[in-house]
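One structure is given below, encoded as structure tokens.
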Amino acid sequence: MPTVTPSGPASYTLRMRVAVFSTKPYDERYLGTAAEGTGHELQFFEAHLNRSTAPLADGFDAVCAFVNDDLGAATLLRLAKNAPKLIALRSAGFNNVDLDAAKSLGLTVVRVPAYSPRSVAEHTVALMLALDRKLHRAYARVREGNLSLDGLLGFDLGSRTVGLVGTGKIGVAVAGILKGFGCDLIGYDVFQNQDAIDLGLEYVELKALWERADVISLHAPLTPDTHHLVDSYAIANMKKGVMLINTSRGALIDTSAAIEGLKTGKIAHLGLDVYEEEGDLFFEDLSDTVIQDDQFSRLLTFPNVLITGHQAFFTVEALEAIAHDTIANITAFAEGRESGNEL
Ligand code: NAD
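My numbering applies: residue 12 is where the sequence shown begins, and numbers increase by one.
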């Protein structure tokens, strides 16, 4: 549990002690650098934050958490017992936080709303292209000396209709890239975004999106309204041979329904950077263990499924921005200011 205490003169009068959960070496590197000169003291814990690990934050002023930390009411109640007054999320999504409980406990919750939409958008398009041109299969084949093209037939992405569910920062960034490919863009959102319209995106009802899109990409947050947005009903309405991509949050897709759609051939390509039960799997090296999640294991058996482990955000630019904005959020709280990133 290394501690980073910047040695230079503190630029701010109020110094925060921050318990940073779910940390990897890259978190320590980027957050440590961003904290230099602030006077804040960061203590890094590899453990996920949950009710059992919350006591590790006793005596700290703030907690810094990530996407698979459990910030439900029980964890927050335990945190609030002993000092921390600030929850600084180093993520845009906040579906893992019980905001009502935080409010009633007097805890301020801040996030990093827009660190690099481009990082997620580019990974989304990478999944589309890799699945379309079957790069994951070609890579393995060529290394084995198999240069046959059988089974690798793709399609011209630029000649297809792409449906974006959620046209906020990431959805619009995806639209911008795909406009360059020449795709027809349709979208569904509870609010229309002029930037998306300016890129030529046509807003349609959700059912029409399911029916018209050759490629569907999910960019809405996980909320009670979007939980299992892609269920067996939605899949039944999709085109046969649809490509489905999810780089948002796993529970937007009902995994059982997706597996059924893959078995019937309704879904011809599935690209996931997120998975509804990823909390026990992602960000860890499990190569020496037997994966206990049967649905995840089933997904891995399909040749037309490509899964990455929540890495869409993982670029140098995004990590620098996350670290910078997280520390700025903490400093604003310490100085009694609003950062504008409060939830
Ligand atoms: P954003 O807030 O800019 O955009 C989200 C959009 O979804 C908004 O336009 C909103 O109106 C829309 N929306 C809300 N409810 C909806 C509904 N019921 N149906 C359709 N649209 C709805 O957020 P963003 O920065 O574009 O991020 C989108 C999501 O991407 C985040 O919520 C997060 O879960 C996910 N994300 C994933 C990664 C990753 O590494 N895989 C990284 C960052 C963000």
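We put the beta carbon where it would ideally sit given N, CA and C, even for glycine.
State buried or exposed for residue i, treating a residue as buried only when at least 16 other CB atoms are found within 10 Å of its CB.
i	result
L87	buried
Y150	exposed
F293	buried
Q205	exposed
A247	exposed
G347	exposed
T266	buried
D284	buried
K35	exposed
G252	exposed
L281	buried
R154	exposed
T14	With a pLDDT of 46 at T14, under the threshold of 50, the modelled position of that residue is not reliable, and no figure is offered here.
I302	exposed
F202	exposed
T16	Its pLDDT being 45, under 50, T16 is placed unreliably in this model, and the coordinates cannot settle the point.
E289	buried
G182	buried
D305	exposed
L330	buried
L240	buried
D72	buried
D38	buried
So, are the CB atoms of residue i and residue j less than 7 Å apart?
i	j	result
R129	A184	yes
R122	F105	yes
H238	A268	no
V74	P95	yes
G272	I264	no
A224	G174	yes
L67	N107	no
T319	S228	no
A207	A186	yes
T354	L138	Residue identity differs from the one stated: residue 354 is Leu in this sequence, not Thr. Cβ atoms of L354 and L138: not closer than 7 Å.
D109	A91	no
G211	L196	yes
D80	S33	yes
R101	I333	yes
A345	L118	no
V131	F324	yes
N93	D69	yes
R355	I341	A question about residue 355 goes unanswered here, because the residues of the chain that appear run from 12 up to 354.
Of all the options the options, which has the alpha carbon lying nearest to the alpha carbon of residue i?
i	options	result
A343	D81, A323, I98 and D80	I98
E133	R348, G347, E328 and N352	E328
L189	Y199, V176, R171 and Q203	R171
N352	N93, S115, A125 and A76	A125
E216	L210, G198 and L233	G198
Y286	Q322, D296 and D111	Q322
W291	A219, L164, E349 and H59	In the sequence under discussion, the amino acid at residue 291 is Asp, which differs from the Trp named in the question. That would be H59, whose Cα lies nearest to the Cα of D291.
F313	T275, K250, T64 and F166	T275
D200	E222, E213 and D161	E213
G179	V226, S127 and G191	S127
N157	R148, L164 and S243	R148
W221	V241, L160, M249 and Y244	M249
Y244	E289, K218, D236 and E331	K218
G193	D299, I181, D304 and D167	D167
G260	V241, I270 and L233	Reading off the sequence, residue 260 comes out as Arg, not Gly. Answer by Cα proximity: L233.
L164	N315, T64, P235 and A113	N315
Cβ of residue i within 6 Å of any heavy atom in ligand 2?
i	result
T337	You won't find ligand 2 in this model; what it holds is ligand 1.
Practice item. Any chance you could list the alpha helix (DSSP H) runs of at least 4 consecutive residues sitting entirely within the region 97-181, in chain order? Key: Correct list: 110-115, 128-144 and 146-154.
Review point. Can at least three beta-carbon pairs, one atom from the region 328-337 and one from the region 35-45, be found at a separation below 8 Å?
Key: Contact holds: three or more Cβ-Cβ distances are below 8 Å.
Check your understanding: Should the region 250-257 be called in touch with the region 134-150, which here means at least 3 C-beta pairs below 8 Å?
Key -> Segments in contact, yes.
Review point. Can you list the beta strand (DSSP E) stretches of 3 or more residues lying completely in the region 27-74, in chain order?
Key: With a minimum length of 3 residues, the continuous beta strand (DSSP E) runs that stay inside the region 27-74 are 28-31 and 52-55.
Point to revise | Ordered list of alpha helix (DSSP H) runs contained in the region 228-270, each at least 4 residues | key: The alpha helix (DSSP H) runs of length 4 or more contained entirely in the region 228-270 are, from start to end of the chain, 243-248.
Point to revise | Contiguous alpha helix (DSSP H) assignments of at least 4 residues, all confined to the region 186-212 | key: Unbroken alpha helix (DSSP H) stretches of 4 residues or longer found wholly inside the region 186-212: 205-209, given in chain order.
Practice item. Entirely within the region 279-354 and at least 3 residues each: give me those beta strand (DSSP E) ranges in chain order. Key: As far as the region 279-354 is concerned, its whole beta strand (DSSP E) runs of at least 3 residues are 316-318.
Check your understanding: Would you call the region 49-56 and the region 25-40 touching, i.e. three or more CB-CB distances under 8 Å?
Key -> Flag = yes, the region 49-56 and the region 25-40 touch.
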